[in-house]
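Enquirer: Here it is, the structure in full.
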Amino acid sequence: MRTVRWRTQGCNSPAIIPADMKNIVILISGGGSNMAAIVNTARREAWADRFGAHVAAVISNRPDAKGLLFARDQGIATEVLDHKGFAAREDFDAALAALIDRFDLPGAPVLVVLAGFMRILTPGFVNRYAGRLLNIHPSLLPAFPGLHTHQRAIDAGCKFAGVTVHQVTVALDHGAILTQAVVPVLPGDTADALAARVLTQEHLIYPLAIANLLQKS
């Protein structure tokens, strides 16, 4: 089997990866807890053996993103592309796509996973990875797209809230829904308390949604 080598930041030796492996590239901006859940699930459930897939790289737009430390400790290639160094959103997205495309191998198109990536992506970028670009949103879409979802759910008197994994389209938080999880809104809930309860479900359903896609591909 033909192999390729990628130098992994934070490791003493390059990773040796089969050239036909499906590569998952995860984009983060902060702590990367969903990224860590995906990485841990991929290894625990042997995605490489079951689906011929693995997490190939983690890319952040913020140099201080703590999730990069976890990825490096796991031997995963990491890259930092600071959006502040680009005058236009289109220029940043073009540079980001160039990084991602290093892992986009013939016969094994890359899967791009947004995991707390705090950037609105341009239509050109979204269309480039159409059908292969995933996001997780902390509400039961189509309810409460955008920001401050937990407080908005509480203010609206919702009895239930939750989280949605969906494909990304040019319309914000409106792509095809892949899976959802529901949590109750409890009496006296604060946005932080509800967010913490939702986050536990995020860590479960995001890896599940990716595994389901890999199984079908």
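All residue numbers for the sequence shown refer to the numbering used here, where the first residue is 1 and numbers rise by one.
Every residue, glycine too, gets a C-beta built ideally from N, C-alpha and C.
1. Could you tell me which residues DSSP pairs with Thr164 in its beta bridges?
2. In three-state DSSP terms, what is Asn61?
3. Start and end of the alpha helix (DSSP H) containing Ile100?
4. Quick one: Cα of Gly75 to Cα of Arg119, how far?
5. Rounded to a whole number of angstroms, what is the C-alpha to C-alpha distance between Glu202 and Ser217?
6. Based on DSSP bridge pairs, tell me the residues matched to Leu105.
7. Can you find the residues in the same chain that come closer than 8 Å, C-beta to C-beta, to Ala191, ignoring five residues on each side of it along the sequence?
8. If you run the structure through DSSP and keep just helix, strand and coil, what is Thr190?
9. Consult DSSP for His174 and reduce its assignment to one of helix, strand or coil.
10. Report yes if the CB atom of Ala164 is closer than 8 Å to the CB atom of Ile177, and no otherwise.
11. For Asp82, count neighbouring Cβ atoms within 10 angstroms of its own Cβ and tell me buried if that reaches 16, exposed if not.
12. With a cut-off of 8 Å on the beta carbons, I'd call Trp67 and Ala36 a contact; round off their distance for me.
13. Could you check what DSSP says for Lys22 in three-state terms: helix, strand or coil?
14. Once DSSP output is grouped into helix, strand and coil, what is the label at Leu214?
15. Could you tell me the alpha carbon to alpha carbon distance between Leu204 and Glu79, rounded to whole angstroms?
16. So what does DSSP say about Val198, is it helix, strand or coil?
17. Distance, Cα to Cα, Arg89 vs Pro106?
18. Determine, using beta carbons only, whether Gln180 and Leu134 come nearer to each other than 8 Å.
Expert: On the basis of the coordinates in this document:
1. His137 and Gln180
2. coil
3. Arg89 to Ile100
4. 26 Å
5. 23 Å
6. Ala108
7. His148, His150, Gln151 and Ile154
8. coil
9. coil
10. Sequence check: residue 164 is Thr here, not Ala. Cβ atoms of Thr164 and Ile177: closer than 8 Å.
11. exposed
12. Note that residue 67 is Gly in the sequence shown, not Trp. At roughly 7 Å, the Cβ-Cβ gap stays under 8 Å, so Gly67 and Ala36 are in contact.
13. Three-state DSSP puts Lys22 in a strand.
14. helix
15. So the two alpha carbons sit approximately 26 Å from each other.
16. helix
17. 28 Å
18. Taking 8 Å as the Cβ cut-off, Gln180 and Leu134 do not qualify as a contacting pair.
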